[in-house]
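Undergrad:
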Amino acid sequence: MNRWNRAAFGILDFANTDPTFKEFHMPQQADSFALNPQASARRMVLAALIMALAGSVLGLTVGRSTGAVIGDEIWLVGTCALFCVAMLGVLLARPSDPAPWIAPTTSVFFLFYLMLGALFSITRESILQGFLIYLMWYFPLLAFNRFVNVSWFQQPLSIAIYLTGVSLAIARIVTEPEVLSEPPMLMVYCLSLTSFVLILELFAKYREAYVTERERADVLEATRQAVQASEAAFRRTLSNAASGIGWITVDGRCQHVNTTFGTLLGRPADELNGCRFETLIAPESVPSWHRLQIDMQRGNGTDFQTELQLLTASGKPLWTKLSFAMAAVVPGEPPGMVFVCLDNSAAREMEERMRQSQRLESVGQLTGGVAHDFNNLLTVILGNAELLHEQLLDNPKLAPLAGMVVSAGERGAQLTQRLLAFARRQALDPKAVDINKLVAEMDPLLRRSLGGHIEMEFVRGAGLWPALVDPAQLDNALLNLCLNARDAMPEGGRLTIETGHAHLSEDYAASCADVRPGQYVMLAVSDTGAGIDPAHLQRVFEPFFTTKPAGKGTGLGLSMIYGFVKQSGGHVAVYSELGAGTTFRLYLPRAFESAATPRRAADARPVTGGHETVLLVEDDPMVRRYACDQLLSLGYSVVEAPSGSQALAILREGRAVDLMFTDVVMPGMSGRQLVDQAMALRPGLKVLFTSGYTENAIVHHGRLDPGVHLLSKPYRREDLARRIREVIGPPETR
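Quick note: the sequence shown uses the working numbering, first residue 80, plus one each step.
Okay, structure coming up:
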């Protein structure tokens, strides 16, 4: 802004020179005239044009009626009116445009307008009255130009206006001798115009001298209020931020922490101000904090991020994600850094669940492979021990020994079945099951198993949906949960079985591993026992993990339940509190068909063999030898093949085969691949699979593929005989 404009708006000079005033920002409401000179100049131009238009119209109407305005002067005044209308039209049509070119244009126009008017008056009359009227307007024209013209030629134009007015007066004195009798009037005019210019110059230079103390106080007060309002708004924003924010001084103390940071730690923010930041860190995270401090002291960057456990008011550690930024050094201010703190406990819990799920998945894969090999061994051991026991029934010394081998083999088979259940490698037979009816059917067995010192309650869910689950495996899972609850209440207590509907939301599913949102049937078993230690809670589903005394448990019950529910497409959740009890909740997938007919007892009639031909495909020599002996003892003709390729060669030879009995997991060609190629050679060939554990070749999502028959290892002779007859059909009478 040039010095002429500063003369008009001297308050800005004061704001720029007063050292006290510089400490504040000029508020918008303090002095709109000073803050927006272009808008103020626009208003002054608008007022001047309106006055000039009114004067022109009045001059035309009154001057013509009285004869004071005649000839060329009429055209001059009319031109002035048209110019004013044009400029007013521009200003009013574009109210938001300051139009800085209008002020100098108006000044130039009025300069020539007054000059021509003065010249016309000279030619029209010899008296000074009309001439002086035009000359007197040079005073307001000078002020107008200096107040509103902000262009680069404002000062040259002011000089031109001054010189034009003085030149016209001197020219009148020189060129018209008849007015020499009144030269003092023109000289007074010249001196007055010169004095006006000097006064205007002094006004522009020393405007701040006219600013009263009241005006200064008003501006300072308005500014102070604006600063206070701005500071209050900033503090509100800081306090309501979603993150904890604060300042750490060079000696490690907290300052200016916001309300959110206090809420995270369960303490008032004022209580945290002044305390050492290190005292807020859990002991486990202190080494991480020290390493971060070393990096800061070495100057390894200006921004730092880390995860620390902070202590809440209750003493419980809270995982947080912290960002630190070194603050710029300000003279007179102590150095320090700003920190931003976010609650990271949910993300940490999710990571821990993912690690637990991955750990269980890895253990499950290892367990499945071990169980497969172990089942092959058990098939040979248990089968031959059973044959040996039958042949030694008349020997009182050896028969008990053979019986012990059979019992041990059966226990080993149960162990591998539990391992396979945990590894999700067992074949399931899911059906639409009424859980309320299933629990009611098991009620007598459960009460006998619990004993009289434990009270049992069954809370039925009304209108319960059917669940898509293997009923036999669910029986076993429910029994295991109840037995665990019994062991947790040796002095007695209360066991509650509850069923109901459940909807797992997307947020809940996202916080857990391998959980799909949707509708589930919930089966819960709660006890009033001692509860589970939080340190053990994350490991309860691991195989062989148990807190029971030696010999009191295998540690496979809960792992079997976990694998069964996961393989069924469900979810298991456990809640426990020391001294209060434990609740296990099984979320089983909802079935959208009606519940199946109640299960019937297995047919107890003795099974027989047959005279058909069986193609036995087994890569393990001992298992193949055992299976061959069992089939021969049942009356079947047996053709052996140690691999899938040899089995196909036998079929290509055209030998008669009534049933192919094949292992699933074999090197080279799997049982599934063998059957696919065999069906191309012998459409309609009947097949019975056997395996130590199921795999995706014949089982998908726990279900056997349609039309697939499976005999799980280890199997006994009666199991083999029954399954063969189920596949082939009743034996023919010969």
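The C-beta atom is built at its ideal place from N, Cα and C for all residues, glycine as well.
1) Are there 16 or more other CB atoms within 10 angstroms of the CB of glutamine 107, so buried, or fewer, so exposed?
2) Which same chain residues end up closer than 6 Å to cysteine 561 when comparing Cβ atoms and leaving out the 5 residues on each side of it in sequence?
3) Using DSSP's beta-bridge definition, name the partner residues of aspartate 708.
4) Going by C-alpha to C-alpha distance, which of Val156, Leu317 and Phe340 sits closest to threonine 391?
5) What are the residues that DSSP puts in a beta bridge with glycine 648?
6) Taking only the alpha-carbon atoms, compute the straight-line gap between phenylalanine 93 and alanine 404 and give it to the nearest angstrom.
7) Any idea what DSSP makes of methionine 166, helix, strand or coil?
8) Count the other C-beta atoms from every protein chain shown that fall within 10 angstroms of the C-beta of glycine 353, then say buried if there are 16 or more, exposed otherwise.
9) When we look at the beta-carbon of histidine 780 and count the other beta-carbons within 10 Å, is it buried (16 or more) or exposed?
10) Assess contact between the stretch 792-810 and the stretch 702-715, defined as three or more Cβ pairs (one per stretch) separated by less than 8 Å. Is contact present?
11) What span of residues does the beta strand (DSSP E) with isoleucine 327 cover, start to end?
12) Closer than 8 Å is the cut-off here; do at least three beta carbon pairs connect the stretch 662-673 with the stretch 595-609?
13) When burial is assigned at 16 or more other CB atoms within 10 Å of the CB, is glutamine 752 buried or exposed?
14) Give me the Cβ distance between alanine 546 and valine 600, rounded to the nearest whole Å; I'm assuming they're in contact under 8 Å.
15) If contact is defined by three or more beta carbon pairs under 8 Å, each pair taking one atom from either stretch, is the stretch 536-553 in contact with the stretch 511-518?
16) Tell me where the alpha helix (DSSP H) around cysteine 561 begins and ends.
17) Inspect the beta-carbon positions of arginine 346 and arginine 332 and report whether they are closer than 8 Å.
18) Looking at glycine 530: is its Cβ nearer than 8 Å to the Cβ of arginine 565?
19) With histidine 580 as the anchor, note down where its beta strand (DSSP E) starts and where it stops.
20) Identify the residues that DSSP records as bridge partners of tyrosine 599: which are they?
21) Could you check how far apart the C-beta atoms of valine 518 and leucine 557 are, in whole angstroms? I think they sit under 8 Å.
22) Along the alpha helix (DSSP H) that carries glutamine 756, what are the first and last residues, could you check?
23) Would you tell me roughly how many angstroms separate the C-alpha atoms of proline 793 and tyrosine 715, rounded to the nearest one?
24) Strictly by DSSP, which residues pair up with tryptophan 398?
25) Just reading off the alpha helix (DSSP H) that glycine 723 is part of, what are its end residues?
26) Tell me whether leucine 543 sits in a helix, a strand or coil according to DSSP, three-state version.
27) Quick one: grab the DSSP three-state call for glutamine 334.
28) Taking the alpha-carbon of glutamate 386 as reference, which of Leu667, Val419, Met130 and Gln233 has the nearest alpha-carbon?
29) If distances are taken between C-alpha atoms only, which option among Ser186, Leu359 and Pro414 comes closest to methionine 375?
30) When the Cα atoms are used, what is the spatial distance from asparagine 455 to proline 396?
31) Taking all protein chains shown into account, do 16 or more other C-beta atoms lie within 10 angstroms of the C-beta of proline 122, making it buried, or fewer, making it exposed?
32) First and last residue of the alpha helix (DSSP H) that includes valine 365?
33) Counting beta carbon pairs with one atom in the stretch 314-331 and one in the stretch 415-434, are three or more of them shorter than 8 Å?
TA: Taking the geometry as given:
1) Interpretation of glutamine 107 is limited by its pLDDT of 39, a score under 50 that renders its predicted location unreliable; no figure is taken from the coordinates.
2) Leu525
3) Paired residues: none, contrary to the question.
4) Phe340
5) Paired residues: none, contrary to the question.
6) Low per-residue confidence applies at phenylalanine 93: pLDDT is 32, beneath 50, and the placement is therefore not dependable, though the value from the model is reported in the following sentence. Cα-Cα distance, rounded: 39 Å.
7) helix
8) exposed
9) Since pLDDT at histidine 780 reaches only 48, below the 50 mark, its modelled position is unreliable, and no value is offered.
10) yes
11) 323-328
12) yes
13) exposed
14) 4 Å
15) yes
16) 550-566
17) no
18) yes
19) 572-583
20) Ala581 and Pro668
21) 7 Å
22) 750-760
23) 20 Å
24) Gln388
25) 723-731
26) coil
27) strand
28) Val419
29) Pro414
30) 50 Å
31) Strictly speaking, residue 122 in this sequence is arginine, with proline absent from that position. Answer is exposed; the Cβ neighbour count stays below 16.
32) 365-377
33) yes
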